[in-house]
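**Student:** FYI, UniProt numbering numbers position 424 of the sequence shown as 424, with every residue one higher than the one before it.
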Amino acid sequence: MSADGRCRVVIENMTPQVDGGRFAVKRVVGEQVVVQADVFCDGHDELAALLLYRHENEEQWHKVPMEHLGNDRWEARFAVSALGTCYYTIAARVDHFLTWHKDLAKRFAVGQDLAVDREIGARLCEAAGLRAGSGHAGELREWASRIRQAPDDATAVRLAEDPQLAALMAVHYDPQLVTQAEVELRITVERERALFSAWYEFFPRSSCGEEGRHGTFADCERLLPEIARMGFDVIYFPPIHPIGRINRKGKNNSTVAEDDDPGSPWAIGAEEGGHTEILPELGTLEDFRRLIGRAAELGLEVAMDIAFQCAPDHPYVRRHPAWFRWRPDGSVQYAENPPKKYQDIIPFDFESAEWQDLWQELKEVFRYWIAQGVKIFRVDNPHTKPFGFWEYAIGEIKGEHPDTIFLSEAFTRPKVTYRLAKLGFSQSYTYFSWRNTKWELEQYMRELATPPVRDFFRPNFWPNTPDILPEVLQYGGKPAFIIRFILAATLSSNYGIYGPPFEQFVNAGMPGKEEYKDSEKYEIRCWDWGNSEHMRELIARINQIRRDNPALQTTWNMHFCETDNDNLLCYVKSTEERDNLLLIAVNLDPFHTQAGKIRLPMESLGLSPGHPFLAHDLLGEGRNIWHSEWNTIELDPHQLPAAIFRLYPRLRREQDFDYFM
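1) Using a Cβ-Cβ cutoff of less than 8 Å, which residues in the same chain neighbour residue 665 once the five nearest sequence positions on both sides are dropped?
2) Rounded to the nearest angstrom, what separates W434 and P470 at their Cα positions?
3) Compute the distance between the beta-carbons of I483 and N587, then report whether it is under 8 Å.
4) Which of the three DSSP states is assigned to K375 in this structure?
5) Name the two residues that bound the continuous beta strand (DSSP E) containing T555.
6) Which of helix, strand or coil does DSSP assign to C208?
7) Which one or two residues does DSSP pair with K26 in a beta bridge?
8) Name, in chain order, the residues that DSSP records as bridge partners for S428.
9) Just to confirm, are L47 and Y88 a CB contact at a threshold of 8 Å?
10) With DSSP as the reference, label M1 as helix, strand or coil.
11) Alpha carbon to alpha carbon, what distance is there between A115 and A109?
12) Which word fits D656, buried or exposed, when buried means at least 16 other C-beta atoms lie within 10 angstroms of its C-beta?
13) Determine contact between the segment 66-77 and the segment 29-42, defined as no fewer than three beta-carbon pairs at a distance below 8 Å.
14) For A508, which three-state DSSP category applies?
15) Report the rounded CA-to-CA distance for residue 678 versus E59, giving the unit in angstroms.
16) Go ahead and pull the three-state DSSP assignment for residue 664.
17) State buried or exposed for W527, treating a residue as buried only when at least 16 other CB atoms are found within 10 Å of its CB.
18) If you draw a straight line from the alpha carbon of F23 to that of V183, how long is it in whole angstroms?
19) Short check: CB of L298 to CB of L223, under 8 Å?
20) Can you tell me where the alpha helix (DSSP H) holding F108 begins and where it ends?
21) Can you tell me whether K573 is helix, strand or coil according to DSSP?
22) Who are the Cβ neighbours of residue 662 in its own chain at under 8 Å, not counting the five residues just before and after it?
23) For R107, collect the residues of the same chain with a Cβ closer than 7 Å to its Cβ; drop the 5 residues on either side in sequence, then sort them by chain order.
24) Helix, strand or coil: how does DSSP classify A489 here?
25) Have a look at F660 and L581 and give me their C-alpha separation to the nearest angstrom.
26) Between which residues of its own chain and A585 is the CB-CB distance below 7 Å, once the five residues before and five after are set aside?
27) Does DSSP put H383 in a helix, a strand or coil?
28) Report the rounded CA-to-CA distance for R6 versus H44, giving the unit in angstroms.
29) Based on the DSSP secondary-structure assignment, which residues constitute the bridge partners of V35?
30) Mind checking whether V25 and L185 have CB atoms under 8 Å apart?
31) Please state the DSSP three-state secondary structure of K521.
32) Straight-line CA distance for A335 to Q343?
33) Who are the near neighbours of P315 in its chain, counting only those whose CB is closer than 7 Å to its CB and skipping five residues on each side?
34) What do you get for L195, buried or exposed, if any count of 16 or more other CB atoms within 10 angstroms of its CB means buried?
35) Since K251 contacts D260 with CB under 8 Å, what's their CB separation in whole angstroms?
36) If the criterion is Cβ atoms closer than 8 Å, does the pair R578 and G622 meet it?
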């Protein structure tokens with residue numbers, strides 16, 4: 001039952017929201033939040049609706065008038081401007097002044113006597129004046145007098161239409177007759193890098209470039225300028241902690257390690273320490289801090305891998321045995337995902353009676369590395385830890401450090417992946433690695449870009465990882481690498497590559513598996529950083545295009561174009577103002593030249609059939625003047641399997657094209 005039965009407005013179906021407001025919507029600083037709702041009441045009265053929003057540090061609501069879109073649907077928008085949590089809701093009321101004004105105009109149009117109606121309007125103004133206080137009370141009384149004393153009805157109607165009077169009445173309404181939505185919805189506001197980033201992953205231990213030597217943080221520093229030149233803004237390291245010796249894995253995941261095998265970095269913990277220690281071969285904590293500082297000078301951030309699991313000789317096992325699951329024979333349960341076995345790793349037992357101490361300790365791991373200067377974390381296998389833990393840990397950390405970014409590495413079932421995103425992960429790995437055909441890519445992108453998924457799930461596309469060498473890269477040669485890179489970097493505003501093997505076209509896999517042969521997970525790989533066979537220049541070009549074109553800095557602004565060739569994937573990305581229009585065309589066939597016609601969505605792009613517009617290929621530097629919605633392209637995968645056209649729809653005169661030709 002309403003607190004005041006006179007509040008007649010109903011507010012329903014407010015968007016955006018995630019699971020009825022159980023979870024927060026995600027935005028980054030500067031992004032627009034477009035809020036809609038069904039707002040209606042009994043009868044035929046006019047309504048007024050306000051969007052209310054405030055940051056968690058503010059007490060007063062900001063108010064934005066909502067626009068009626070039709071069919072009882074209303075909309076308003078605002079931009080989030082500060083990190084943290086923002087709240088929004090809707091308040092609506094019957095607008096008695098607007099209803100009076102509408103009816104007054106109708107009655108005047110059919111010649112009815114308006115004496116009583118004018119008096120009603122005057123009393124509405126006087127009542128508003130009583131609520132206005134000293135500020136506008138006199139003005140509103142004056143308006144009441146003018147409406148009463150108007151020499152004729154036509155003059156009274158003109159007075160009722162005055163914008164100044166409407167503005168006063170819109171402010172001084174009766175607050176007791178306002179209905180406010182039953183929920184206040186939340187927005188988690190993060191920094192821009194949560195929405196737009198390019199990640200480069202490499203193993204610090206392989207950074208030296210010399211056979212037989214373990215790489216160090218100092219070696220990593222020497223690689224940073226080239227990574228920055230390629231246009232990346234995040235460098236991501238697998239775990240940098242001491243590696244266990246008990247059950248250490250050998251080359252190619254062998255269960256028997258040789259004396260010189262370094263082991264898997266994900267087998268965390270040894271005599272030297274655990275999750276807050278550094279593998280001595282890499283350097284010291286001071287070396288790591290210096291690396292972070294040098295990266296920052298080059299516009300790079302260092303992302304750490306957080307893997308909440310232990311080697312059997314991790315100090316936790318000795319100090320906190322209750323945090324692990326012990327078998328009847330006295331052995332500890334190591335990690336398994338049948339048929340895969342991870343004898344060098346033992347998982348935490350989150351059903352331990354000491355679970356609260358465990359949660360607290362793991363949260364402190366994040367806090368420790370934040371204190372060292374790390375603000376981005378890639379979390380390994382979060383789907384194997386309780387949802388409640390992540391909601392607690394991420395909520396606590398972001399409450400203290402709202403600029404922290406969390407990437408979820410959860411290659412698991414869709415509902416589990418989405419739940420983790422709802423709980424607070426800023427970005428998420430996806431199924432992009434296994435989406436290859438035109439139909440698969442289009443359907444997947446539509447799923448990700450459709451509310452409510454787009455309001456809580458930010459995809460990060462990786463064409464390869466240390467765990468995944470997709471079949472298309474194994475058999476498709478260099479064109480396949482280029483195709484998958486361009487797709488990742490233009491479909492999603494967040495993407496990453498497992499760097500050295502990707503840029504150098506490494507495609508040797510384990511027989512019958514999507515795994516690297518001689519995987520760097522189990523050995524030090526001496527990459528030839530001077531190798532002439534690489535795609536660094538193309539990577540640098542694509543990243544520069546991403547930075548120069550705001551249309552590529554969000555994932556949600558995509559429109560797929562009709563083509564007459566299923567080997568051609570074509571899509572348009574544009575800014576809301578349509579001042580940055582891009583058409584991306586990709587040949588999905590790594591073996592053969594493909595040609596076909598593309599149909600442009602002319603109206604939505606502001607293009608007029610018959611009027612010439614420029615299509616400038618930012619990759620190949622070719623230029624075409626197109627006139628119609630159907631245009632032909634041809635892409636040779638052995639030359640360049642894609643084109644990124646910038647479209648200039650506002651060029652209407654021949655001389656306008658001279659600058660570009």
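Ideal Cβ positions, reconstructed from N, Cα and C, are used throughout, including at glycine.
**Tutor:** Checking against the coordinates, here is how it stands:
1) Past the boundaries of the shown model lies residue 665; the chain is included only from 1 to 661, so the question cannot be answered.
2) 7 Å
3) yes
4) coil
5) Element bounds for T555: n/a, residue is neither H nor E.
6) coil
7) T188
8) S408, P459
9) no
10) Because the pLDDT of M1 is 39, which lies under 50, any placement of that residue in the model is unreliable, and the number read from its coordinates should be weighed accordingly. Three-state result, M1: coil.
11) 15 Å
12) Below a pLDDT of 50, predicted positions are generally treated as unreliable, and D656, at 47, falls in that range; no measurement from the model is reported.
13) yes
14) coil
15) The structure shown has nothing for residue 678, since the chain only spans 1 to 661.
16) The question about residue 664 has no answer here: the residues shown for the chain are numbered 1 through 661.
17) buried
18) 12 Å
19) no
20) 96-109
21) strand
22) The requested residue 662 does not occur in the structure, where the chain is confined to residues 1 to 661.
23) L114, D117
24) helix
25) Note that F660 scores a pLDDT of 46, beneath 50, so its modelled location is shaky and nothing firm can be said.
26) L568, C570, I598, I633, L635, A642, A643
27) helix
28) 16 Å
29) A76
30) yes
31) coil
32) 7 Å
33) G269, G273, G274
34) buried
35) So it is not a contact: roughly 10 Å between Cβ atoms.
36) no
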